[in-house]
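Per our numbering, the very first residue in the sequence shown carries number 1150; after that it's consecutive. Before any comments, here is the structure.
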Amino acid sequence: MQEMSSLPDGYNALLIGASGGIGSAMRKLLEEDRRCRELVALSRKHDGLDITEENSVAMHSEKLLNKNFHLLICATGALTIDGIGPEKALKQFDPNAMAAQFRLNAIGPALVMKHFLPLLDRKTHAISAFLSARVGSIGDNRLGGWISYRSSKAALNQIIRTASIELRRTHPKAILVGIHPGTVETDLSEPFSRGHDRMPPLGAASRMLKTLDLVTSDQSGSFIAYDGSSIEW
Ligand SMILES: NC(=O)c1ccc[n+]([C@@H]2O[C@H](COP(=O)([O-])OP(=O)(O)OC[C@H]3O[C@@H](n4cnc5c(N)ncnc54)[C@H](OP(=O)(O)O)[C@@H]3O)[C@@H](O)[C@H]2O)c1
């Protein structure tokens, strides 16, 4: 975290999805960062924050109304829901499974944006990032498959882009990006990672935090990877 430079000393961070593989690593690094004055780390498992339920999201955000955050990270998401993993082919397509992917990976983060982005500091450089996935890129899709997860992340990317434009009006110095963490050793990727190099969660989280600290206003509304490179929509 020493290379971080644009977040102010004494910054306040809000982490949603702090119980996941990547979220836990983010939590550890933020707890260790001496410049972080306050970390609010929320999860479904430990705090009952279910991002698919608006009442739950609203209730948790209302408890934080007196706070100003300089960093907001949403590390929630799933590739397998209720035992149903990504489809290899259209014949496996199940509309209910796709709806569940959209509910968690796209609509949930939109609810988080609706209720938590207003808590970003209005006066200073504030950074918000939502965990997306490179497979959500339409232009980069050369393999096919995983139609529900891919399209839920593509929807998330559009939600990020749209919300970033509105955010600029209320929070002129704030930044909102979608970020791909790389292929990371977590429960989410475990069943599908044979033959793929995977990064340890702490390594991926550390690279993302460094990248996020360096993002600039003109990158708001963009889709980037853990190393700061841009990903086509
Ligand atoms: N791992 C990878 O290789 C990889 C690659 C590309 C993109 N990503 C993205 O990175 C993000 C994090 O993935 P991960 O690998 O850390 O997965 P993970 O270890 O399975 O963690 C998933 C997190 O999502 C939370 N979550 C699931 N449903 C929720 C709900 N309804 N309400 C609130 N929280 C909920 C879980 O909370 P509880 O445990 O508290 O229920 C957990 O904190 C996801 O968006 C994923 O798509 C991961």
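Glycine residues also receive a C-beta, built at the ideal position from the N, C-alpha and C atoms.
Which whole-angstrom value describes the C-beta separation of residue i and residue j, a residue pair presumed to lie in contact below a C-beta threshold of 8 angstroms?
| i | j | result |
| --- | --- | --- |
| L1179 | A1162 | 5 angstroms |
| A1303 | I1287 | 6 angstroms |
| S1281 | N1306 | 6 angstroms |
| S1369 | S1379 | Not really, about 13 angstroms apart at Cβ, beyond 8 angstroms. |
| S1210 | L1269 | No, S1210 and L1269 are not in contact; Cβ-Cβ is about 12 angstroms, not under 8 angstroms. |
| L1188 | L1164 | 7 angstroms |
| S1205 | N1254 | The pair is not a contact, with the Cβ atoms about 17 angstroms apart (cut-off 8 angstroms). |
| S1192 | Q1250 | Not quite, the Cβ-Cβ distance comes to about 20 angstroms (not below 8 angstroms), so this is no contact. |
| I1171 | T1335 | 6 angstroms |
| R1186 | Y1160 | 6 angstroms |
| A1312 | M1262 | 5 angstroms |
| D1376 | T1360 | 7 angstroms |
| K1194 | S1168 | 4 angstroms |
| G1294 | P1235 | 7 angstroms |
Strictly by DSSP, which residues pair up with residue i?
| i | result |
| --- | --- |
| Y1160 | C1185 |
| F1218 | L1269 |
| G1327 | F1279 and F1372 |
| I1165 | L1191 and C1223 |
| S1379 | I1373 |
| M1348 | V1333 |
Q. On the three-pair Cβ rule with 8 angstroms, is the stretch 1254-1273 touching the stretch 1353-1370?
A. Touching, no.
Q) Does the stretch 1275-1283 touch the stretch 1322-1332, meaning 3 or more C-beta pairs lie closer than 8 angstroms? A) In short, these stretches touch, since the Cβ pair count reaches three.
Q.
Taking 8 angstroms as the cut-off, does the stretch 1347-1355 touch the stretch 1284-1300 (at least 3 CB pairs, one atom from each stretch)?
A. By the C-beta criterion, the stretch 1284-1300 is judged not to be in contact with the stretch 1347-1355, since fewer than 3 inter-stretch pairs fall below 8 angstroms.
Q: Within the stretch 1195-1248, note down every full beta strand (DSSP E) run reaching 3 residues or more, in order along the chain.
A: Complete beta strand (DSSP E) runs here, min 3: 1220-1223.
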